[in-house]
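In my numbering, the protein residues as written are 4 to 413.
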């Protein structure tokens, strides 16, 4: 008290007490009564804080100071629990002071934070105990941890950091914030933060393969959440977090609905379902999806209702992946040359385009999957001596079989 400037000294009488294991029960109770009700409406300081362990209830405690690291998490939880206990006759606000011995040179603090944070052990232990007592603080810490990947994290408002002059640089405070959040929250929140950011951008949680966000391989993270949930290993609070984003726990149903929507959109625009290789709509690979539906039908695993939905769009079930590859090669050749007069042996994208255009796709010799619409002039198919070329602005449908070729205005 004498070391404080006069203007900073607390008002009222100061009562000081000490409790240890050598005292009688009467002595201990006397000190605890003075702590609960300071004499002359003043204030009381009592040491050692271990006296506030299990079985001791003093709601009037306004503040606790932890001046040395504690090795026992139970001790920390018990001491902190006394501070957060509500006092019916008090202000309802308790303060926990955690002194940290900083290096003499502020420049050394960065390396101190990058290490094992030995100097900050008391702070970290106490924050972990606080989040166990206070679900609101735990939610605040988790929320800020989720924002670390985006570089926008801050300590919750109830956590105040007072650094000496020369130490409180913006860079140092950011570094301290990130390390404290890393040490007091689960790593799961980093992935959740990345997913929440993805949801904010796209309005859904259907993460494409290989997607990297905020340093997180997000598609793999999402896969682990589904696997953990299916195995019963995902905590309910995490399930609630994901449900708040409309997370798809069984994505196959959602994928089918998306695929059918995009198939209908493609059909409405092109009047067929001959989707070229690599055709993507809003990040959805429609070519691959249709190939999967055809494979499922051949294997007898595609439900009859889904078969009927695709039949209504005129899907050709006989098409295989190689047919789409050939179609993509034909489109590429046509875009480069303006025709399909492919020379013998010519390859595009490793496809022998001459042979692909000439070969049958079924025992009957017909090639219904080689019916395409091109914008611009038509060209004679391989092996044909002549071609009928309509005006350059006319859209034509070129129909090829191994035996003949015709063109008809579209």
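Built from N, CA and C at the ideal position, the CB exists for glycine as well.
Can you list, in chain order, the residues of its chain whose CB lies under 7 Å from that of residue 250, leaving out five sequence neighbours each side? So the qualifying residues of the chain are 208.
Mind checking whether residue 86 and residue 98 have CB atoms under 9 Å apart? Using a Cβ distance threshold of 9 Å, residue 86 and residue 98 count as a contacting pair.
Nearest to residue 359 by alpha carbon, out of 334, 223, 341, 194? Ranking the options by Cα distance to residue 359, first place goes to 334.
Give a yes or no on whether the C-beta atoms belonging to residue 3 and residue 127 are separated by under 9 Å. Residue coverage of the chain in this structure runs from 4 to 413, which leaves residue 3 outside it and unanswerable.
Residue burial classification, residue 25 (beta-carbon count within 10 angstroms, cutoff 16): Exposed, since its Cβ has fewer than 16 Cβ neighbours within 10 Å.
Burial state of residue 243 (16 or more Cβ within 10 Å): Exposed: under 16 other Cβ atoms inside 10 Å.
Does the beta-carbon of residue 77 have 16 or more other beta-carbons within 10 angstroms, so that it is buried, or is it exposed? Its Cβ having fewer than 16 others within 10 Å, residue 77 is exposed.
For residue 218 versus residue 203, is the C-beta spacing smaller than 9 Å? At the C-beta level, residue 218 and residue 203 stay beyond 9 Å of one another.
Between residue 41 and the rest of its own chain, which residues show a CB-CB distance below 8 Å, the 5 nearest in sequence each way excluded? The answer, listed in chain order, is 15, 16, 18, 47.
What number of angstroms, rounded off, separates the C-alpha of residue 144 from the C-alpha of residue 178? Taking the straight line joining both Cα atoms gives about 16 Å.
Applying the 10 Å Cβ sphere with the 16-neighbour rule, what's the burial state of residue 12? Here residue 12 is exposed: its Cβ has fewer than 16 other Cβ atoms, across all protein chains shown, within 10 Å.
Taking the beta carbon of residue 83 as the centre, do at least 16 other beta carbons fall within 10 Å, making it buried, or is it exposed? With 16 or more other Cβ atoms from the protein chains shown falling within 10 Å of its own Cβ, residue 83 counts as buried.
Where the beta strand (DSSP E) through residue 50 begins and ends: First-last of the beta strand (DSSP E) with residue 50: 46-50.
Check this for me: beta carbons of residue 316 and residue 270, under 9 Å apart or not? Yes, they are a contact pair.
Paired residues, beta bridge with residue 354 - DSSP: According to DSSP, residue 354 bridges with 351.
In its own chain, which residues sit with a C-beta less than 6 Å from the C-beta of residue 6, not counting the 5 before and 5 after it? No residues qualify anywhere along the chain.
Would DSSP call residue 126 helix, strand or coil? In this structure, residue 126 counts as helix in the three-state DSSP scheme.
For a quick check, are the C-beta atoms of residue 22 and residue 39 less than 9 Å apart? Against a cut-off of 9 Å, the Cβ pair of residue 39 and residue 22 comes out as no contact.
In whole angstroms, give me the CA-to-CA distance for residue 247 and residue 146. Straight-line spacing of the CA atoms in residue 247 and residue 146 works out to 14 Å.
Identify every residue that forms a DSSP beta bridge with residue 202. DSSP lists no beta-bridge partner residue for residue 202.
In the DSSP assignment, find the unbroken beta strand (DSSP E) run with residue 68 in it and report its ends. From DSSP, the beta strand (DSSP E) with residue 68 extends over 66-68.
Note down the Cα distance separating residue 369 from residue 284, rounded to an integer number of angstroms. For residue 369, the predicted structure reports a pLDDT of 39, less than 50, and the residue's modelled location is therefore unreliable. A value from the coordinates is still provided. Distance between the alpha carbons of residue 369 and residue 284: 31 Å.
Assuming residue 178 is part of the alpha helix (DSSP H), what are its boundary residues? Where residue 178 is concerned, the enclosing alpha helix (DSSP H) starts and stops at 173-187.
Beta-carbon within less than 7 Å of residue 346's beta-carbon, same chain only, minus the 5 sequence neighbours each way: which residues are those? These residues qualify, in order along the chain: 357.
On the criterion of 16 or more Cβ atoms from any shown chain inside 10 Å, does residue 320 qualify as buried, or is it exposed? Under this definition residue 320 is an exposed residue.
Give me whichever residues DSSP pairs with residue 287 in a beta bridge. Answer is 284, bridged to residue 287.
Where residue 288 falls, given that 16 or more other Cβ within 10 Å makes a residue buried: With 16 or more neighbouring CB atoms inside 10 Å of its own CB, residue 288 falls in the buried class.
Cβ separation of residue 286 and residue 211, assumed to be a contact under 8 Å, to the nearest whole Å: Confirmed, Cβ separation roughly 5 Å.
Beta-carbon spacing of residue 170, residue 112 below 9 Å: For residue 170 and residue 112, yes; Cβs fall inside 9 Å.
Neighbour-count burial assignment, residue 183, 16 or more Cβ in a 10 Å radius: With 16 or more Cβ atoms within 10 Å of its Cβ, residue 183 is classed as buried.
Is it buried or exposed for residue 165, if we count other Cβ within 10 angstroms and need 16 for buried? Residue 165 is exposed by the Cβ-count criterion.
What are the boundary residues of the beta strand (DSSP E) that residue 21 is part of? It spans 17-21 - the beta strand (DSSP E) in which residue 21 sits, taken as one unbroken run.
Residue 1 (DSSP reduced to helix, strand or coil): Because the chain spans 4 through 413 in this model, residue 1 falls outside it and cannot be assessed.
Please state whether the Cβ-Cβ distance between residue 80 and residue 135 is less than 9 Å. Yes, the pair counts as a contact, with Cβ atoms nearer than the cut-off.
Here's the rule: buried if 16 or more other CB atoms are within 10 angstroms of the residue's CB, otherwise exposed. What is residue 338? Residue 338 counts as exposed, since fewer than 16 other C-beta atoms from the protein chains shown sit within 10 angstroms of its C-beta.
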